[in-house]
Amino acid sequence: MTSPEAPPYEVLWVDDARALGGALERAVQAKAIAVDVEANGLFVYRPRLCAAQLAWEEGDTTVVLIVDTLATSAAALGHLLGPEGPIKVLHDLTFDARMLAEAGAPLARVRDTSVTARFLGQKATGLASVLAAELGVVLDKRFQQHDWSKRPVSPAERRYLGDDVAYLLKLDRALAAKAAAIDIEAEIEEECSYKLRAALAPPRETRPSYVRVKGAQKLDRPGRAALRSLVAAREAIAEAADVPPFKIVTNEILLELARMRPTSIPELSRVPGALSGRSGRHAARWLEAITRGAAEGDVPPEEQAHFEVAPIDRKEIARRREIEAKISAFRRAEAKRRGVDEQAVLPGHCAQDLASVLLTAAGEDAAATLARIAAIPGLGAKRVERYGKRMASLLSAPSESSAQARGSAPREDS
10 MTSPEAPPYE VLWVDDARAL GGALERAVQA KAIAVDVEAN GLFVYRPRLC
60 AAQLAWEEGD TTVVLIVDTL ATSAAALGHL LGPEGPIKVL HDLTFDARML
110 AEAGAPLARV RDTSVTARFL GQKATGLASV LAAELGVVLD KRFQQHDWSK
160 RPVSPAERRY LGDDVAYLLK LDRALAAKAA AIDIEAEIEE ECSYKLRAAL
210 APPRETRPSY VRVKGAQKLD RPGRAALRSL VAAREAIAEA ADVPPFKIVT
260 NEILLELARM RPTSIPELSR VPGALSGRSG RHAARWLEAI TRGAAEGDVP
310 PEEQAHFEVA PIDRKEIARR REIEAKISAF RRAEAKRRGV DEQAVLPGHC
360 AQDLASVLLT AAGEDAAATL ARIAAIPGLG AKRVERYGKR MASLLSAPSE
410 SSAQARGSAP REDS
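Residue numbers for the sequence shown, in my numbering: 10 to 423.
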């Protein structure tokens with residue numbers, strides 16, 4: 010890799026609206042632009058978009074635009090990044106899409122090189138790994154956990170920002186050529202659209218944050234009430250200090266405090282880490298939260314359902330596993346037949362949704378089952394056309410174990 014002082018591309022650093030307008034006039038002429046963003050989520054309570062990097066090609070020259078989004082509004086990028094702008098190429102778009110949407114510049118018309126790499130069967134799909142494998146480009150990742158809200162931005166930091174987008178368009182073309190050779194372009198396009206929709210959708214996880222602490226389900230009633238109070242106290246402290254909650258105290262320490270429920274500093278000291286660093290500064294708050302939670306005796310009635318263990322229906326579990334095995338066998342056989350990765354045949358999230366459809370399809374009209382299969386998010390019209398009827402028939406197909414017991418392999422058209 011060349012030195013930070015001499016990047017092999019043109020760099021435009023923009024920190025005012027007028028200069029940004031001029032740069033965007035150039036960018037909008039491109040057929041495709043590479044996009045990446047940087048934030049400061051490891052250092053503040055609420056992450057803020059700190060920089061947006063764009064790259065496009067003008068003849069033989071790659072132009073990299075680095076927008077200081079702390080000095081000028083990222084919303085100005087809205088037209089370029091939206092549906093009327095060029096194709097946007099990103100690598101693992103989820104975080105970028107969320108940050109840009111929050112800043113008023115939601116993405117549309119995207120291609121994700123991490124999706125293409127995954128559908129091509131690559132195991133290591135991080136940007137550095139894919140660039141090294143496909144283009145022989147070695148990235149300097151020393152600023153991967155840098156606080157991008159700091160100013161000024163050094164030449165080495167600017168080089169890091171530029172490198173993250175400068176090679177994406179070339180990478181996209183290299184991967185796209187491989188995808189076209191095995192006819193999985195439509196599947197990749199569908200997955201990129203699905204990934205963008207998922208990134209911009211409300212989070213599926215709606216449980217309170219304390220319920221999601223690993224080990225919370227094993228606490229007794231006063232313990233889970235104490236954990237609820239402790240997590241609320243940590244959130245208040247973190248917000249006031251403008252730091253991420255995990256930098257105040259870890260989930261593991263809060264869980265142990267909720268389990269032991271100390272009532273004094275000497276008892277608190279028996280919990281490893283409770284009196285260390287930032288956590289130790291708030292010892293009184295932890296004791297107060299524990300006392301309050303223990304006094305309540307349990308979490309509010311409307312939250313108690315999160316701790317109820319659903320009865321185990323062993324027949325239903327066995328049935329689902331049977332269906333999942335059939336789907337897995339179908340996907341494996343079809344991938345082998347076509348010479349593609351299994352994810353290109355059926356992404357994991359689609360396989361899970363397909364299992365749910367088939368699990369409830371017993372006695373249903375075939376057309377109705379096919380319609381529900383077609384509605385699976387991210388499946389796409391091409392897969393429905395190619396596999397829809399075969400997927401619907403998996404419900405009545407013999408299982409892989411049954412086929413093997415009869416001395417035959419599962420048929421590809423089962």
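We put the CB at the ideal spot given by N, CA and C, even for glycine.
Since I believe residue j is in contact with residue i (beta carbons under 8 Å), could you give me their beta-carbon distance rounded to a whole number of angstroms?
{"i": "VAL98", "j": "LEU209", "result": "So it is not a contact: roughly 18 Å between Cβ atoms."}
{"i": "PHE128", "j": "ALA353", "result": "4 Å"}
{"i": "LEU74", "j": "LEU90", "result": "The pair is not a contact, with the Cβ atoms about 12 Å apart (cut-off 8 Å)."}
{"i": "LEU205", "j": "LEU109", "result": "About 11 Å separates the two Cβ atoms, so there is no contact after all."}
{"i": "ARG233", "j": "PHE316", "result": "6 Å"}
{"i": "PRO95", "j": "ILE42", "result": "5 Å"}
{"i": "PRO3", "j": "ALA303", "result": "Nothing about residue 3 can be read from this structure; the chain reaches only from 10 to 423."}
{"i": "TRP65", "j": "ALA39", "result": "4 Å"}
{"i": "ASP105", "j": "ASP25", "result": "With 8 Å as the limit, ASP105 and ASP25 do not qualify as a contact, their Cβ atoms being about 23 Å apart."}
{"i": "LEU379", "j": "ILE332", "result": "Actually they do not touch by this definition, with Cβ atoms about 16 Å apart."}
{"i": "ALA175", "j": "LYS391", "result": "Rounded, the Cβ-Cβ distance is 33 Å, inconsistent with contact."}
Please work out which residues of its chain come closer than 7 Å, Cβ to Cβ, to residue i, disregarding the five sequence neighbours upstream and downstream, and give them in chain order.
{"i": "ARG301", "result": "SER238"}
{"i": "ILE274", "result": "ALA292"}
{"i": "ARG294", "result": "ALA242 and ILE246"}
{"i": "ALA401", "result": "ALA375, THR378, LEU379 and ILE382"}
{"i": "ALA126", "result": "THR134, VAL139 and LEU184"}
{"i": "TYR203", "result": "PRO386 and GLY387"}
The beta strand (DSSP E) that contains residue i, what's its start and end?
{"i": "THR71", "result": "70–77"}
{"i": "GLN62", "result": "58–67"}
{"i": "ALA96", "result": "Correcting the residue identity first, residue 96 is Ile in this sequence and not Ala. Run containing ILE96: 96–99, per the beta strand (DSSP E) assignment."}
{"i": "VAL119", "result": "119–121"}
For residue i, report the span of its alpha helix (DSSP H) as first-last.
{"i": "ALA298", "result": "292–305"}
{"i": "LEU19", "result": "A small correction: the amino acid at residue 19 is Glu; Leu does not occupy that position in the sequence shown. GLU19 -> not in any alpha helix (DSSP H); beta strand (DSSP E) instead, spanning 19–23."}
{"i": "ALA48", "result": "Unbroken run through ALA48 is the beta strand (DSSP E), 41–48; no alpha helix (DSSP H)."}
{"i": "ASP173", "result": "164–175"}
{"i": "GLY357", "result": "357–368"}
{"i": "LEU140", "result": "136–144"}
{"i": "TRP88", "result": "A small fix is needed here, since residue 88 is His in this sequence, not Trp. Here the alpha helix (DSSP H) through HIS88 covers 87–90."}
{"i": "GLY113", "result": "No alpha helix (DSSP H) holds GLY113; DSSP gives it neither H nor E."}
{"i": "THR378", "result": "375–383"}
{"i": "GLN352", "result": "351–354"}
{"i": "ALA130", "result": "The amino acid at residue 130 is misidentified as Ala; the sequence shows Gly. Here GLY130 belongs to no alpha helix (DSSP H), and DSSP marks it neither H nor E."}
{"i": "ALA314", "result": "No alpha helix (DSSP H) holds ALA314; DSSP gives it neither H nor E."}
{"i": "PHE152", "result": "Segment: none, PHE152 is in no alpha helix (DSSP H) and carries neither H nor E."}
{"i": "LYS256", "result": "Premise fails: LYS256 is in no alpha helix (DSSP H) and is neither H nor E."}
{"i": "LEU239", "result": "230–250"}
{"i": "LYS391", "result": "390–402"}
{"i": "GLY31", "result": "26–36"}
Quick check: the Cα distance between residue i and residue j, rounded to an integer number of angstroms?
{"i": "TYR219", "j": "GLU265", "result": "13 Å"}
{"i": "PRO212", "j": "ALA267", "result": "27 Å"}
{"i": "PRO281", "j": "ASN260", "result": "12 Å"}
{"i": "ALA235", "j": "ALA250", "result": "22 Å"}
{"i": "LEU284", "j": "GLU19", "result": "51 Å"}
{"i": "SER405", "j": "ALA137", "result": "45 Å"}
{"i": "VAL240", "j": "SER82", "result": "34 Å"}
{"i": "SER158", "j": "GLU111", "result": "17 Å"}
{"i": "HIS358", "j": "ARG118", "result": "22 Å"}
{"i": "VAL258", "j": "SER288", "result": "5 Å"}
{"i": "ALA48", "j": "ALA60", "result": "7 Å"}
{"i": "ILE382", "j": "VAL393", "result": "8 Å"}
{"i": "CYS201", "j": "VAL124", "result": "7 Å"}
{"i": "ILE191", "j": "ARG182", "result": "15 Å"}
{"i": "ALA327", "j": "GLU198", "result": "34 Å"}
{"i": "GLY171", "j": "VAL139", "result": "17 Å"}
{"i": "ALA32", "j": "ARG160", "result": "22 Å"}
{"i": "PRO386", "j": "THR78", "result": "33 Å"}
{"i": "THR369", "j": "ARG57", "result": "44 Å"}
{"i": "GLU166", "j": "VAL147", "result": "16 Å"}
{"i": "LEU296", "j": "GLN154", "result": "33 Å"}
{"i": "ARG329", "j": "ILE336", "result": "10 Å"}
{"i": "GLY30", "j": "ASP229", "result": "59 Å"}
{"i": "PRO16", "j": "LYS150", "result": "15 Å"}
{"i": "GLY348", "j": "LYS132", "result": "16 Å"}
{"i": "PHE152", "j": "PRO320", "result": "48 Å"}
Within its chain, find whatever has a CB closer than 8 Å to the CB of residue i; leave out the 5 residues flanking it on each side and keep chain order.
{"i": "ALA344", "result": "ASP350, GLU351, ALA353 and VAL354"}
{"i": "VAL53", "result": "SER158, ASP251, VAL252 and PRO253"}
{"i": "GLU313", "result": "The amino acid at residue 313 is misidentified as Glu; the sequence shows Gln. Excluding sequence neighbours, GLN313 sits near ASP307."}
{"i": "ILE299", "result": "ALA235, SER238, LEU239, LEU266, ALA267, ARG270, PRO271 and THR272"}
{"i": "VAL222", "result": "LEU236, VAL240, ASN260, LEU263 and LEU264"}
Using only the heavy atoms of the ligand SAM, determine whether one of them is closer than 7 Å to the beta carbon of residue i.
{"i": "ALA298", "result": "Among the components of this structure there are no ligands whatsoever, and the ligand SAM is therefore not found."}
Note down, in chain order, each residue of its chain lying with its Cβ closer than 6 Å to the Cβ of residue i, except the 5 sequence neighbours on either side.
{"i": "PRO271", "result": "LEU277"}
{"i": "LEU86", "result": "ALA114"}
{"i": "LEU388", "result": "CYS359"}
{"i": "HIS100", "result": "THR122, SER123 and LEU136"}
>> List, from N- to C-terminal side, the alpha helix (DSSP H) runs of 4 residues or more that fit wholly inside the region 264–295.
In response: Runs of the alpha helix (DSSP H) inside the region 264–295: 274–277 and 286–290.
>> I'd like the ranges of any alpha helix (DSSP H) spanning at least 4 consecutive residues and lying wholly in the region 179–224.
In response: Scanning the region 179–224 from its first residue to its last, the whole alpha helix (DSSP H) runs of 4-plus residues come out as 194–209.
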